[in-house]
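Have a look at the structure below before the remarks.
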Amino acid sequence: MAIIASVALLITEHRSHRLDALRATLSVAVDPIKYLVDLPTVVFEQAADSVSSYSTLKKENTRLREEQFIDKTRLLKFDSLEKENIRLRALLENSFKLGEQLLIAELLSINTAPYENIVVVNKGTRFGVHPQQPVLDANGVVGQVFRALPFSSEIMLITDPNHAIPVQVNRNGLLTIAVGSGQLNRLNLPFLPNNADIRPGDLLITSGLGGTFPSGYPVAVVDDFTPITNKPFVNITATPKAMLDRNRELLIVWSDSSPVSLGTTHEKAPVANPNGQPAGSELGRQEPERARTGTRPR
0 MAIIASVALL
10 ITEHRSHRLD
20 ALRATLSVAV
30 DPIKYLVDLP
40 TVVFEQAADS
50 VSSYSTLKKE
60 NTRLREEQFI
70 DKTRLLKFDS
80 LEKENIRLRA
90 LLENSFKLGE
100 QLLIAELLSI
110 NTAPYENIVV
120 VNKGTRFGVH
130 PQQPVLDANG
140 VVGQVFRALP
150 FSSEIMLITD
160 PNHAIPVQVN
170 RNGLLTIAVG
180 SGQLNRLNLP
190 FLPNNADIRP
200 GDLLITSGLG
210 GTFPSGYPVA
220 VVDDFTPITN
230 KPFVNITATP
240 KAMLDRNREL
250 LIVWSDSSPV
260 SLGTTHEKAP
270 VANPNGQPAG
280 SELGRQEPER
290 ARTGTRPR
């Protein structure tokens, strides 16, 4: 009977259009079933495309962030380069070196107690990191490598009470020393006389003295202060340019042109005082202990 009914329906559909209305009515019930059958395949293909697109976008985003971070750091010198060009056009070729070798390191832990400002990053001697290397972020100088271990390194921030960095006023080239205060938002300038040519808002940059920090990188901006006429030295503070309490990545810098040698542990270089003299010289022995660049009692 089913075969006879099927043959009769086929003959009727072939010779006339009487079954078109019935076909349209039955399609309303059949079409959802076809969509349900195709649904798992469609969902799987869309999910696979979404995961593939997300993975590709994540890798591209990471790569672009690293490129932006490095490019932004290389642009830090432009302001000091302009002032240096005005003062010393003849020595422009030797004033700034824009080809420092950089290594991105991620922050692992921080220790910002009042007596020390230390952070730990995930790059160590396996990547060629060695003590006294300068460390930057996208805004300015962060500090220097205090202790290099195989898989991590300790970074002493410029605000550490035991850290001192030779700086100069970008406006006129005045040389001085910025000493850590123990607070992440303040540096002290204790060695400036009362009549020094320094103003609130002056940009302090690295002077290059001592050989630890490359010259020309922003360090801090001088805060407002009031000169005291009856004292030989004025109490001046400055706000660091680097975002010391908000960094997730830091840049470790090689200021020379030699390539990074992986897996090599560098010996600690002799500590230099702010006047560029070796620590063992007569002048270096006469300097105060805290005025020596990057030194820290163990």
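Residue numbers (numbering that gives the first Met the number 0): 0 to 297. Cβ coordinates follow ideal geometry from the N, Cα and C atoms, glycine included.
Do you know how far the Cα of H129 is from the Cα of N121? So the alpha carbons of these two residues sit roughly 13 Å apart.
S108 - DSSP class collapsed to helix/strand/coil: S108 falls in the strand class under three-state DSSP.
Assuming contact is defined by CB atoms lying nearer than 9 Å, are A104 and L243 in contact in what I supplied? With contacts defined as CB atoms closer than 9 Å, A104 and L243 fail to qualify as a contacting pair.
In terms of alpha-carbon separation, which member of P189, R17, L135 lies closest to L74? Relative to L74, the option among P189, R17, L135 whose CA is nearest is L135.
Looking only at its own chain, which residues have a Cβ that is under 6 Å from the Cβ of G181, when we skip the five neighbours before and after it? Leaving aside the five residues that flank G181 on each side, the residues in its chain whose CB is nearer than 6 Å to its CB run, in chain order, P113, P160.
Taking a contact to mean a Cβ-Cβ separation below 9 Å, would you say L203 touches A237 in this structure? In this structure, the beta-carbon distance from L203 to A237 falls below 9 Å.
Let me know the secondary structure DSSP gives E59 once reduced to three states. The DSSP-derived three-state label of E59 is helix.
In three-state DSSP terms, what is L18? Coil, per DSSP.
By DSSP, does T228 sit in helix, in strand, or in coil? T228 falls in the coil class under three-state DSSP.
With DSSP as the reference, please indicate the residues paired to I164 in a beta bridge. DSSP output for I164 lists A177 as bridge partner(s).
Under the three-state DSSP convention, the category P130 falls into: Reduced to three states, the DSSP call for P130 is coil.
Could you name the residues of the same chain whose beta carbon sits closer than 8 Å to that of G139, not counting the 5 residues immediately before and after it, in chain order? L75, Y216, P217, V218, A219, P239, K240, A241.
For V178 and V144, I'd like the C-alpha separation in whole angstroms. If you take the alpha carbons of V178 and V144, they lie about 17 Å apart.
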